[in-house]
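Report on the structure given below.
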Amino acid sequence: MKRSIAVFIVLLGFPLVMSAIDNLFYVSFASRVIIYAIAATSLNLVLGYGGMISFGHAAFVGAGAYSASICIAEGVTSAWLGWPAAIAASALAAWLIGAVSLRTRGVYFIMITLAFAQMAFYLVNSMKAYGGDEGLTLPQRAELGLGLDLGNEVVFYYVVLFFLAISLYGLHRVMQSRFGRVVVAIRENEARAEAIGLPVHRYQLACFVIAGAVAGLAGALLASHGKYVNPNVLHWVQSGTLMIMVILGGVGRLWGGAIGAFVLLGLEHVISDYPIPWLAAVAPNYPQHANLGVGLVMLAIVLFAPHGVAGLLSRRRGA
Amino acid sequence: MSWILILEQSLNGLQFGLMLFLLAAGLTLVFGIMDMINLAHGSLYMLGAFIASTLVQATGSFVAGVLLAIPATAAVGILLEVSVLRTLYARDHLSQVLATFALILIINELTRLAWGSDAALPMPQALSGPVELLPGLRYPAYRLVIIAVGILVALLLFILVTKTRVGMLVRAGASNREMALAMGVDIKTLFTLVFGAGAALCAVAGAMLAPLFAVQVGMGENILILAFVVIVIGGIGSIRGALVGAVLVGIVDTIGRAFLPILFGIFFQPRVASAAGPAIASVMIYLLMAVVLFFRPQGLFPARG
Amino acid sequence: MTSRMFVLALSLAVASGAQAASKVKVGFISTLSGPSAALGVDIRDGFQLAVKMNGGKLGGLPAEVLVGDDQFKPDVGRQIAEKYIRLDKVDFLTGFVFSNIMLAAVPVAFEARIIYVSPNAAPSPLAGKQCNPYFFVASWPNDAYHEAAGQHATNKGYKNAYLIAPNYQAGKDSLAGFKRYYKGNVAAEVYTQLGQLDYSAELAQVRAARPDALYIFLPGGMGINFIKQFVAAGLSTDIPLIVPGFGSDQDIIRPVGEAMLGLFDTAHWAIDFDNAANKRFVAAFEKEYKRLPSVFAAQGWDTAMLIDSGVRGVKGKIEDVEALRKALKAGKFESVRGSFKFNRNQFPIQNYYLRVVGKDSQGRLVNKTIGTVFKDHGDAYVQDCLMK
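First to last, the protein sequences are chains H, X and D.
According to my numbering, the first sequence holds residues 229 to 547 in order.
According to my numbering, the second sequence holds residues 136 to 440 in order.
According to my numbering, the third sequence holds residues 97 to 484 in order.
Okay, structure coming up:
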């Protein structure tokens, strides 16, 4: 808890430092990292704590992003309407997809979540009215009122930081509660949980829906951040990217999603922007091959450090 | 709606389905016998195409290049199996998914470093013209060759799996792995062989389709999903299921792309109709899979039990 | 006393801020990978060659060109644009091949009041209702080649035509443009998926429809595959194929080969143009890159020359964006197409020619000019543009 508060104090001060040196690009970049942290955290709930390998999580981020975007495109610019609409839309999608998918197990569950996500991708892709595969450019970000201008990068940063804090705190409380303990019990041994009379399907579905809703919020924030949404946000490769973040950061650990998002996006940026001389001598185009590094790191983690970076950190501190 | 049109579109669907079968067959065996989700299967398809393009250029002969690409890709597959994938058999499905997803990234980038983002595999001159199947229907010769190769490989596979000893071991492993182990089957070698065979099939598909499409990095991902859909519909571990599933998917996809836009064109504007057709076709394939999973989760021709 | 010093210090600060820039930074983002990479590569090569021939300068100032690859993905293109504009603080943005990627990225430039000079894509909304003072086109309005092709089809007396294009803004523009000048009957209007590579289904439909002519707009890898499959299906002997100039230039001739001979197309430029600028460009390009330039390379070159004329026109003071705009709009540069003139919506007004794929004096496949289809042709949307 103490460490979390310390991290937040640093995060609070960050944009002020950046403003002082007139580098708003990094404030915007940090906002994007935080939004992905929220999305990855929501996946962590379902994947890390719940043990449900959902390969279609990007569909919920996309549902939120498109709902929020369509609202703004149609003139409904208030965030108080657009963002709850996004959360509702993705929660509904999660409920529908979860109700069907959770009747299956193991690899079939993975495949069916993947299938649903792809269906959503193709459907959105065919919506020519909202850009189709060209995507939809928004005239503005959502409006929050209260004297806060979301067009201001620093203000936007604090708003998304606020949502990250809530998500993490929410995850923390949920996992401490009875609900959380049941979810973990189901993950550890489903047969036993069923045997002692727990309504497994209902708990899993609830977990799925909560995660979907938070993912939808992340999607809405993402749409406002870039003022642009595109069907690629629903593609299964995006689901894979979110999974990489969770694994990288630490499955089933509170900060896992956030750490993963920070490490992955940060590395991507550093590799493409800051030339490493010795690497450039060997392979001049190396920034274009950044994914090689990502793949190798991920493979190494899966094979040798299954608990991710958060796992390594906590292992070093305690026993 | 002429006879010729329907016949031609059916041939197109068959051609697509047979190539999908080649990919699905390897995937279903690996999944069925080793219980491993291998997302990198599409990467073997891509490697098959790239390796074939280099060998065709080197030997100057299309046939030689394709034939040599098959063992070459199988060798890469076996290398992959022995080094990395073997350690994943014992792990849970999530680890397999993540590790093979990481492999996709790695293989894609290594391919880009070795060949660049794309390669060219030109169609052999002799086959680049049409063949007059019926008066008024001149179908591309090359696509007919693909259909022929697909049917030939399917027959070969059937003979291999049903009439040979190795095939019997494969079927035993697919229907009950623990029992096969208990009966003393050399599982390690069997797994490696199956994986190599799967890679070889991918190479055939990749090399045959390369002259029609672009050979490019990332071409494996799109077709991988379809292959998974096929094996879920057909039944994991069943080659027969893979064939039926693949042809089904091929036909649904082609019908969707060919006839739905016409149907929608009656009601909607051309741009909308053209977008809706392929989208609905894609959705139909996934819907089909979801329905099969819901009512018959083991697939149409389950290998187990 | 202190207040006077304060005013002095302030005015010194303001004065130093208003100094002329010491170099020109250009953000160049294009499709440099994938089946359609040849187009982006050609534009980039033409652009960079022009800068090189100018001694590494644009308008007298040293030029720094940042090159990014949009990988044929609109969100990637947009992200790179954001980085170039907000982090690297480029003075110009340019490069996009495809309209859909460009449309996703240019709002970032417009918002930051950075000028985008298009070396290729120029979709109709930006010519008409959404015309923007920060958008300049060095190539042609998207519809133009298609309008010329439609006119050619009318001139040839084809009674019905079958049309195919990809389902995105430029595709829609292309067939709308063709139909604007084609007076015959449209047998069918088919939109394929962007990036689609297998046209077996569509070719079966074409065969069944038996049109007098087939008009396709399938740039890059799509066109290469379509033409190959068209020939393989035995349709090339029955149905005349007409394409816009960018569907039959060097990037497609190289992979398809002799099957292209005799193909008619329409364009604003051909390699055999007789003016001094073009001769210089073709010779330099062949020498530097050991291959023949396509219309894309010519456009890349002209874009650099246009930017050069703009910077020269403000004598290096590119921070004055309004003056820079005026200088660009004057369009005073030696274009490889001959004379160059902007319409009031900042799209070019120029001639369009009929070309045919034939062999040059060295037996190489090139597009040869055989006639003029339109003279001083603008676009159909300028009346909706409220810019002066």
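No residue lacks a Cβ here, since even glycine has one placed at the ideal position from N, Cα and C.
All values derive from a computational prediction rather than experimental measurement.
* Contact check, phenylalanine 432/D vs phenylalanine 369/D under 8 angstroms by CB: the rounded distance? -> On the third sequence, residue 432/D is found 336 positions in, with the first residue counted as 1. On the third sequence, residue 369/D is found 273 positions in, with the first residue counted as 1. Note that residue 432/D is valine in the sequence shown, not phenylalanine. Sure, about 7 angstroms apart at Cβ, within 8 angstroms.
* Asked: In or out: arginine 86/X buried (at least 16 other Cβ within 10 Å) or exposed?
  -> Since the first residue of chain X shown is 136 and the last is 440, residue 86/X is not available in this structure.
* Should methionine 280/H be labelled buried (16 or more other beta-carbon atoms within 10 Å of its own) or exposed? -> What you label residue 280/H is simply residue 52 of the first sequence in a count that begins at 1. When all chains shown are included, methionine 280/H counts as buried.
* If we count Cβ pairs, one from each stretch, closer than 8 angstroms, do we get three or more for the region 209-220 of chain D versus the region 389-409 of chain D? -> yes
* To do: Grab the span of the alpha helix (DSSP H) containing serine 145/X for me, first residue to last.
  => For this step, residue 145/X is matched to residue 10 along the second sequence. Residues 138-169.
* Asked: How would you list, in chain order, the residues of chain D whose beta-carbon sits under 9 angstroms from the beta-carbon of glycine 363/H?
  -> For this step, residue 363/H is matched to residue 135 along the first sequence. Per Cβ cutoff of 9 angstroms: Pro170, Asp171, Arg174, Asn196, Leu199 and Ala200.
* Distance between leucine 462/H and leucine 428/X (C-alpha atoms, nearest Å) -> Counting from 1 along the second sequence, the entry for residue 428/X is found at position 293. Counting from 1 along the first sequence, the entry for residue 462/H is found at position 234. Leucine 428/X and leucine 462/H: Cα-Cα distance of roughly 22 angstroms.
* May I have the straight-line CA-CA distance separating glycine 341/D from glutamate 302/H, to the nearest angstrom? => If you number the third sequence from 1, residue 341/D lands on position 245. If you number the first sequence from 1, residue 302/H lands on position 74. Spanning the two alpha carbons is a distance of roughly 38 angstroms.
* **Bridge partners - threonine 208/X, DSSP secondary structure assignment** => The count along the second sequence starts at 1 and reaches residue 208/X at position 73. Partner(s): none; threonine 208/X has no beta bridge.
* **Burial state of glutamate 418/D, where buried means 16 or more other Cβ atoms lie within 10 Å** => Here residue 418/D corresponds to residue number 322 of the third sequence, with the count starting at 1. Exposed, since its Cβ has fewer than 16 Cβ neighbours within 10 Å.
* Which value, in whole angstroms, describes the spacing of the CA atoms of alanine 334/X and glycine 152/D? -> Position 199 of the second sequence, counted from the start, is the residue given in the question as residue 334/X. Position 56 of the third sequence, counted from the start, is the residue given in the question as residue 152/D. Those two C-alpha atoms are separated by around 50 angstroms.
* Asked: Applying the criterion that 16 or more other CB atoms from any shown protein chain within 10 Å of the CB defines a buried residue, is isoleucine 394/H buried or exposed?
  -> Within the first sequence, residue 394/H is the residue found at index 166, counting from 1. Its Cβ having fewer than 16 others within 10 Å, isoleucine 394/H is exposed.
* Separation of tyrosine 274/X from glutamate 267/X, as counted between CA atoms -> For the purposes of this step, residue 267/X is identified with residue 132 of the second sequence, where counting begins at 1. For the purposes of this step, residue 274/X is identified with residue 139 of the second sequence, where counting begins at 1. If you take the alpha carbons of glutamate 267/X and tyrosine 274/X, they lie about 6 angstroms apart.
* Asked: What residues in its chain sit with their C-beta under 8 angstroms from that of glycine 212/X, if we drop five residues either side in the sequence?
  -> If you number the second sequence from 1, residue 212/X lands on position 77. So the list reads Leu179, Phe330, Gly331, Gly333, Ala334, Ala335 and Cys337, once near-sequence residues are dropped.
* Extent of the continuous alpha helix (DSSP H) to which proline 215/D belongs -> What you label residue 215/D is simply residue 119 of the third sequence in a count that begins at 1. Note, proline 215/D: premise wrong, no alpha helix (DSSP H); not H, not E.
* Which chain H residues sit within Cβ distance under 8 angstroms of glutamate 244/X? -> Counted from its first residue, the second sequence places residue 244/X at position 109. Result: His517, Asn519, Leu520 and Gly523.
* **Contact set between glutamate 285/D and chain X, taken where Cβ atoms lie within less than 7 angstroms** => Position 189 of the third sequence, counted from the start, is the residue given in the question as residue 285/D. Within 7 angstroms Cβ-Cβ: Pro405.
* Asked: Which bits of chain X does glycine 360/H rub up against, with CB to CB less than 7 angstroms?
  -> What you label residue 360/H is simply residue 132 of the first sequence in a count that begins at 1. By Cβ distance, chain X contributes Ala410.
* **valine 350/X versus glycine 425/H - alpha carbon distance** => The residue given as residue 350/X occupies position 215 in the second sequence. The residue given as residue 425/H occupies position 197 in the first sequence. Taking the straight line from one Cα to the other gives about 54 angstroms.
* For glutamine 404/H, count neighbouring Cβ atoms within 10 angstroms of its own Cβ and tell me buried if that reaches 16, exposed if not. => The residue you call residue 404/H lines up with position 176 of the first sequence. The residue is exposed, with fewer than 16 neighbouring Cβ atoms inside 10 Å.
* To do: For alanine 255/X, decide whether its Cβ has a neighbour in chain D, counting only Cβ atoms nearer than 8 angstroms.
  => On the second sequence, residue 255/X is found 120 positions in, with the first residue counted as 1. Yes, its Cβ sits closer than 8 angstroms to a Cβ of chain D.
* Asked: Does any residue of chain X bring its CB to less than 8 angstroms from the CB of asparagine 263/D?
  -> Residue mapping note: residue 263/D aligns to position 167 of the third sequence, counting from 1. By this cut-off, asparagine 263/D is an interface position.
* Asked: Of all the options Pro432/X, Met343/X and Ala438/X, which has the alpha carbon lying nearest to the alpha carbon of tyrosine 336/H?
  -> Counting from 1 along the first sequence, the entry for residue 336/H is found at position 108. Closest option to tyrosine 336/H, Cα to Cα, is Pro432/X.
* **Cβ of threonine 332/H within 8 angstroms of any chain X Cβ** => Against the first sequence, residue 332/H aligns to sequence position 104. Answer yes: the Cβ-Cβ gap between threonine 332/H and chain X drops below 8 angstroms somewhere.
* How many whole angstroms separate the CB atoms of glycine 409/D and alanine 423/D, which I take to be in contact at a CB cut-off of 8 angstroms? -> The residue you call residue 409/D lines up with position 313 of the third sequence. The residue you call residue 423/D lines up with position 327 of the third sequence. Yes, they are in contact, since the Cβ atoms of glycine 409/D and alanine 423/D sit about 3 angstroms apart, within 8 angstroms.
* Does DSSP put phenylalanine 429/X in a helix, a strand or coil? -> Here residue 429/X corresponds to residue number 294 of the second sequence, with the count starting at 1. It is helical.
* Interface residues of chain H facing proline 509/D [CB-CB closer than 7 angstroms] -> No statement about residue 509/D is possible, as the shown extent of chain D runs from 97 to 484 and does not include it.
* Asked: In chain D, what lies closer than 7 angstroms to phenylalanine 253/H by C-beta?
  -> Counting from 1 along the first sequence, the entry for residue 253/H is found at position 25. Near phenylalanine 253/H (Cβ distances below 7 angstroms), the residues of chain D are Arg182 and Leu183.
* Asked: Are there 16 or more other CB atoms within 10 angstroms of the CB of asparagine 196/D, so buried, or fewer, so exposed?
  -> To locate residue 196/D, count along the third sequence from 1; it is residue 100. Result: buried.
* **Opening and closing residue of the alpha helix (DSSP H) in which leucine 424/D lies** => Locating residue 424/D in the third sequence gives position 328, counting from the first residue. Element bounds for leucine 424/D: 417-426.
* What number of angstroms, rounded off, separates the C-alpha of valine 165/X from the C-alpha of alanine 234/X? -> Mapped onto the second sequence, residue 165/X falls at position 30. Mapped onto the second sequence, residue 234/X falls at position 99. One C-alpha to the other measures close to 16 angstroms.
* In terms of residue numbering, what span does the alpha helix (DSSP H) encompassing isoleucine 338/D cover? -> Looking up residue 338/D in the third sequence gives position 242. Premise fails: isoleucine 338/D lies in the beta strand (DSSP E), 337-340, not in any alpha helix (DSSP H).
* **Closest Cα partner of asparagine 173/X within the set Ala193/X, Glu143/X, Phe236/X and Met154/X** => On the second sequence, residue 173/X is found 38 positions in, with the first residue counted as 1. Measuring from the Cα of asparagine 173/X, the nearest candidate turns out to be Phe236/X.
* Asked: For serine 137/X, which residues of its own chain have a beta-carbon under 6 angstroms away from its beta-carbon, when the five flanking residues on both sides are left out?
  -> Position 2 of the second sequence holds residue 137/X. The answer is none, since no qualifying residue turns up.
* Note down, one range per segment and in chain order, each alpha helix (DSSP H) of at least 4 residues found wholly within the region 347-426 of chain X. => 354-369 and 374-402
* Candidates Leu157/X, Gly271/X and Pro437/X: closest to isoleucine 282/X by CA position -> Along the second sequence, one-based indexing puts residue 282/X at 147. For the residues Leu157/X, Gly271/X and Pro437/X, the minimum Cα distance to isoleucine 282/X belongs to Leu157/X.
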